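So the sequence shown is numbered by our numbering: it starts at 3 and just counts up by one.
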Amino acid sequence: MKMRPEVLFPLFAPATRIKGVGARLAPMVERIAGGGRVIDLLWHLPHAVIDRRLLPAIAAAAPGKAATLRLSVVAHAPPAGPRSPYRVHMRDESGQALDLVFFNPHRDYLTRVLPVGATRLVSGTVDYFAGQPQIAHPDYILAPEQASAMPAFEPVYPLTQGLSNKRLRQWIATALGMAPELAEWIDAGVLAREGWPAWRAALAQAHCPLGAQAADPGQPARRRLAYDELFANQLALA
3 MKMRPEVLFP
13 LFAPATRIKG
23 VGARLAPMVE
33 RIAGGGRVID
43 LLWHLPHAVI
53 DRRLLPAIAA
63 AAPGKAATLR
73 LSVVAHAPPA
83 GPRSPYRVHM
93 RDESGQALDL
103 VFFNPHRDYL
113 TRVLPVGATR
123 LVSGTVDYFA
133 GQPQIAHPDY
143 ILAPEQASAM
153 PAFEPVYPLT
163 QGLSNKRLRQ
173 WIATALGMAP
183 ELAEWIDAGV
193 LAREGWPAWR
203 AALAQAHCPL
213 GAQAADPGQP
223 ARRRLAYDEL
233 FANQLALA
């Protein structure tokens with residue numbers, strides 16, 4: 003029986019080797035990635051990318067799109083009734099108002115992370131209610147000094163019940179760190195003609211996007227990985 007090269011061992015290790023996965027959560031990896039190995043997780047590519055770069059003002063935010071804004075906390079408005087949301091009134095540097103909206107929140111948490119008078123970086127989908135811009139349940143609420151905790155371009159993955167995008171991103175980041183540099187198997191002329199990166203670099207570009215179009219199948223990294231997958235399938239059938 004032909005032995006697998008030792009350099010590939012980390013890729014074919016069980017996903018339970020990844021910190022945070024464990025035996026209880028390993029079935030989630032199998033459901034989303036079609037297998038329970040590190041390599042299966044690496045082949046689980048994002049289907050979209052969210053642009054979380056800072057906008058200059060609320061007026062620059064497009065309805066229905068994610069926006070990242072630097073806002074000041076003006077006041078908290080607890081719900082008037084059991085079906086009403088908790089609102090936090092915010093303003094940008096121009097003075098334009100925006101509400102953060104929460105349903106069934108932990109009030110102590112909100113007063114702690116959104117103290118009146120503080121400045122916060124807030125990222126989430128902007129919509130309008132009665133002509134007023136608002137963000138319901140923001141994806142990020144950060145102090146300015148925590149800005150590095152939010153990626154400029156966030157990959158969005160197909161998920162399964164009980165698995166958040168944030169947790170999956172952490173797992174995949176660990177898996178990327180386990181991926182070895184491999185000898186190139188594609189002809190140098192093909193790489194040059196197509197403008198493709200090396201295999202490991204292609205994985206990094208797919209999972210750590212540097213632009214909002216990184217999930218487009220036509221991007222060089224995605225085309226390289228699609229070629230690799232096809233090539234691997236052909237070898238398996240040979």
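Backbone N, C-alpha and C fix where the C-beta goes; we use that ideal spot for every residue, glycine too. Every value quoted in this text rests on a predicted model; they were computed, and no experiment measured them.
Unbroken alpha helix (DSSP H) run spanning residue i, endpoints
{"i": "P29", "result": "G24 to A35"}
{"i": "I174", "result": "N167 to M180"}
{"i": "V115", "result": "R109 to V115"}
{"i": "E196", "result": "A190 to E196"}
{"i": "A99", "result": "Segment A99 to F104 is the beta strand (DSSP E) holding A99; no alpha helix (DSSP H) there."}
Cutoff 8 Å: residue i Cβ touching any chain C Cβ
{"i": "E196", "result": "Absent from the structure is chain C; it holds one protein chain and no more."}
Residue from the options with nearest C-alpha to residue i
{"i": "Q134", "options": "V23, A154, Q98 and L112", "result": "Q98"}
{"i": "P48", "options": "I143, P157, Y111 and F105", "result": "P157"}
{"i": "M92", "options": "I20, A15 and P140", "result": "P140"}
Run of the beta strand (DSSP E) containing residue i, from where it starts to where it stops
{"i": "L144", "result": "Y142 to L144"}
{"i": "H139", "result": "Per DSSP, H139 belongs to no beta strand (DSSP E) and is neither H nor E."}
{"i": "A120", "result": "A120 -> no beta strand (DSSP E), and no H or E assigned at all."}
{"i": "R89", "result": "Y88 to R93"}
Cβ-Cβ separation, residue j to residue i (assumed contact under 8 Å), whole Å
{"i": "A77", "j": "V118", "result": "6 Å"}
{"i": "E196", "j": "P219", "result": "With 8 Å as the limit, E196 and P219 do not qualify as a contact, their Cβ atoms being about 14 Å apart."}
{"i": "R114", "j": "D94", "result": "The pair is not a contact, with the Cβ atoms about 22 Å apart (cut-off 8 Å)."}
Residue environment, residue i, which counts as buried when at least 16 other CB atoms sit within 10 Å
{"i": "V128", "result": "buried"}
{"i": "G126", "result": "buried"}
{"i": "H209", "result": "buried"}
{"i": "M5", "result": "exposed"}
{"i": "Q207", "result": "buried"}
{"i": "Q10", "result": "Here residue 10 turns out to be Leu, not Gln, going by the sequence shown. Flag for L10 reads exposed."}
{"i": "N235", "result": "exposed"}
{"i": "V124", "result": "buried"}
{"i": "Y159", "result": "buried"}
At 4 residues or longer, and completely inside the segment 39 to 86: list those alpha helix (DSSP H) runs for me, N to C.
List check, alpha helix (DSSP H) in window: 40 to 44.
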